[in-house]
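K.L.:
The sequence shown maps to residues 196 to 560 in the numbering used here.
Can you keep this structure in mind? I'll have questions shortly.
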Amino acid sequence: MLYGIAVLKWDKKYGMKIEASFPESLEITDQMMKQIYTNHEFEEEAGFLALSIQELNIATFYTGTDSEYYIVAVLSIDEISEDYEDILSDTVRLIMANLKGKRYATNLPLYYNQIASYPKMNEEQKLALILLDPVKKMIIDRLIEDGTVSKSELSAWLKDRFGSEYIDMDSIINSLLRNKILREETLEMMTSSSIFLIGDVFVTRLPPKTSIAMVKAMSSLESSIVKNYLDDVQTFFEKYSPNPEDQEEILKIITDMDAFDLIERLRRAPIGSKSKIYSKIYNQVSNFNDLLTRLWEAQVITVLKNKKGEEYLFLKSDISVQYVFPEYLIDKIRHLYYDGAKSDEILIEHLRILKDRYYDYKKGR
């Protein structure tokens, strides 16, 4: 389990200091701070480290010599520190953006919950978090247009757009490498390593086929409810047109653990308001009615009543976030070749990388 998170800072006069922590009961000992500092000093660079200290596992991120902050997640010994690398590096940027007046301190409970939830997320939810990250999304969008870019050019481009905002380029790139969105290669003719796009994330709504099949087979449901449900689904998808605002709403819903759990249940079958399952969810989820309102307004669920007045929750539109192979890059590379926008060596290398990735993708890797 996640015991807590802390923000530490190196002070040249006083050494390591605790700037803030959550919860208040979290204990950060002098020995822990000494080992965190020593291990990062040994690495001689900003970034993530996984440590074991005093029967605890520690996930820690150092911001570098310019700012000297350490963001620490204190974990039980059975947790794998490396599982927290992506979410911790994302949290670091949020904290660094709110250093003035320690504005980040009021958000520590939120950051704690996000970090605690991350290992429980499935791959679909973790992909959604990538697109919700403005820096990662900007990198992906840039490479959808260009296919490839040198790492030095990408770094300068991001600094131009984000100014003085803290951005650890290596951590961001490494996250996208681990998720098979990007590939980094060092080519002989290049002074800087090259970043290639090898994967993309597709966000959409889908007709809830499993739910529809189950509803049709449920003899306990009144025929009028079944008809109204099927009509609702058909009407929605006849008018549905994907757009960026809807995409962002899907991403936010799918990364909300309570919302996602409810959707998972509704994928299997509708839920009656007088059922034991409904009561269980109602007692487990804080602000359950607010959650239902949010999903109803987003047209993810529909609520229908039978003749006795009992309400049923149905999945109106399923939501999906999928990793996809970027086949569109083949045409993009062809156009770049005819336009002379990239060297032949770079384009050939990108085709080779895409070929390798395609075979792995087809094998489910």
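Ideal Cβ positions, reconstructed from N, Cα and C, are used throughout, including at glycine.
Could you pull out every residue in the same chain whose Cβ sits closer than 6 Å to the Cβ of S477, ignoring the five residues on either side in sequence?
P.N.:
Looking at the sequence itself, residue 477 is Tyr, so the reference to Ser does not match. Closer than 6 Å at Cβ, skipping near neighbours: F483.
K.L.:
Using the C-alpha atoms, what's the distance from D453 back to P465?
P.N.:
C-alpha separation (whole angstroms): 17 Å.
K.L.:
Please state whether DSSP places E538 in a helix, a strand or coil.
P.N.:
The displayed chain sequence assigns Ser, not Glu, to residue 538. Three-state result, S538: coil.
K.L.:
According to DSSP, which residues form a beta bridge with R400?
P.N.:
Bridge partners of R400: I514.
K.L.:
Looking only at its chain, what residues have a beta carbon closer than 6 Å to the beta carbon of I325, apart from the 5 residues adjacent to it on each side?
P.N.:
Correct list, in chain order: K331.
K.L.:
In the DSSP output, what is Y507 paired with across the bridge?
P.N.:
Answer by DSSP bridge pairing, in chain order: G467, L499.
K.L.:
So, for L562: in the same chain, excluding its five sequence neighbours on each side, which residues have a beta-carbon less than 7 Å away from its beta-carbon?
P.N.:
No statement about residue 562 is possible, as the shown extent of the chain runs from 196 to 560 and does not include it.
K.L.:
Let me confirm a value: L203 is counted as buried when at least 16 other C-beta atoms fall within 10 Å, else exposed. Which label applies?
P.N.:
Buried is the call here.
K.L.:
Exposed or buried, what is D395 when buried is set at 16 or more other beta-carbons lying within 10 Å of its beta-carbon?
P.N.:
D395 is buried by the Cβ-count criterion.
K.L.:
In three-state terms, what does DSSP make of Y435?
P.N.:
Of the three classes helix, strand and coil, the one that applies to Y435 here is coil, per DSSP.
K.L.:
Skipping 5 residues on each side, what residues in its chain have a beta carbon closer than 7 Å to that of L267?
P.N.:
It is Val, not Leu, that sits at residue 267 in the sequence shown. The answer, listed in chain order, is I200, A201, L203, I231, I253, T255.
K.L.:
With DSSP as the reference, label E379 as helix, strand or coil.
P.N.:
Strand.
K.L.:
Let me confirm a value: D281 is counted as buried when at least 16 other C-beta atoms fall within 10 Å, else exposed. Which label applies?
P.N.:
Buried, because 16 or more other Cβ atoms sit within 10 Å of the Cβ of D281.
K.L.:
I need the boundaries of the beta strand (DSSP E) containing V202, first residue and last residue.
P.N.:
Counting along the chain, the beta strand (DSSP E) containing V202 begins and ends at 197 to 206.
K.L.:
How big is the Cα-Cα spacing for M384 and T258?
P.N.:
Those two C-alpha atoms are separated by around 32 Å.
K.L.:
List the residues that DSSP assigns as beta-bridge partners of L392.
P.N.:
DSSP, once it has assigned bridges, lists L377 as partnering L392.
K.L.:
Do L353 and L377 have their beta-carbon atoms positioned less than 8 Å apart in this structure?
P.N.:
For L377 and L353, no; Cβs fall outside 8 Å.
K.L.:
Alpha carbon to alpha carbon, how far is E348 from E274?
P.N.:
Approximately 37 Å, taken between the alpha carbons.
K.L.:
Nearest-angstrom Cα distance between K558 and T381?
P.N.:
Going from the Cα of K558 to the Cα of T381 covers about 26 Å.
K.L.:
Do D328 and G242 have their C-beta atoms within less than 8 Å of each other?
P.N.:
No, they are not a contact pair.
K.L.:
In three-state terms, what does DSSP make of T343?
P.N.:
Correct three-state label for T343: strand.
K.L.:
Assuming the contact rule is C-beta atoms closer than 8 Å, L461 and F509 should be a hit. Round their C-beta distance to whole Å, please.
P.N.:
That pair is a contact at about 7 Å.
K.L.:
From I449 to E443, what does the alpha carbon distance come to, in whole angstroms?
P.N.:
Near 10 Å, if we compare the C-alpha coordinates of E443 and I449.
K.L.:
Once you ignore the five residues that flank L490 on each side, which residues in its own chain have a CB closer than 6 Å to its CB?
P.N.:
Hits under 6 Å: I496.
K.L.:
How long is the line joining the alpha carbons of L486 and A536, rounded to whole angstroms?
P.N.:
Roughly 49 Å separates the two Cα atoms.
K.L.:
Using CA atoms only, rank isn't needed, just tell me which of R529, E318, D261 is closest to M291.
P.N.:
Measuring from the Cα of M291, the nearest candidate turns out to be D261.
K.L.:
For the structure I just gave you, are there three or more beta carbon pairs, one from the region 333 to 345 and one from the region 537 to 548, closer than 8 Å?
P.N.:
As far as the Cβ criterion goes, the region 333 to 345 touches the region 537 to 548, which means the pair count is three or higher.
K.L.:
Rounded to the nearest angstrom, how far is the Cβ of R400 from that of I514, given a contact under 8 Å?
P.N.:
Indeed, because the Cβ distance is near 6 Å, the residues count as touching under 8 Å.
K.L.:
Since S271 is in the beta strand (DSSP E), which residue starts that stretch and which ends it?
P.N.:
264 to 271 is the extent of the beta strand (DSSP E) around S271.
K.L.:
In the DSSP assignment, what are the bridge partners of Y257?
P.N.:
DSSP lists G242, Y265 as partners of Y257.
K.L.:
Would you mind working out which of D285, I335, I339 sits nearest L524, comparing C-alpha positions?
P.N.:
Nearest C-alpha to L524: I339.
K.L.:
Just confirm the distance between the C-beta atoms of Q309 and T286, as a whole number of angstroms; I'd bet it's less than 8 Å.
P.N.:
Right, their Cβ atoms sit about 7 Å apart.
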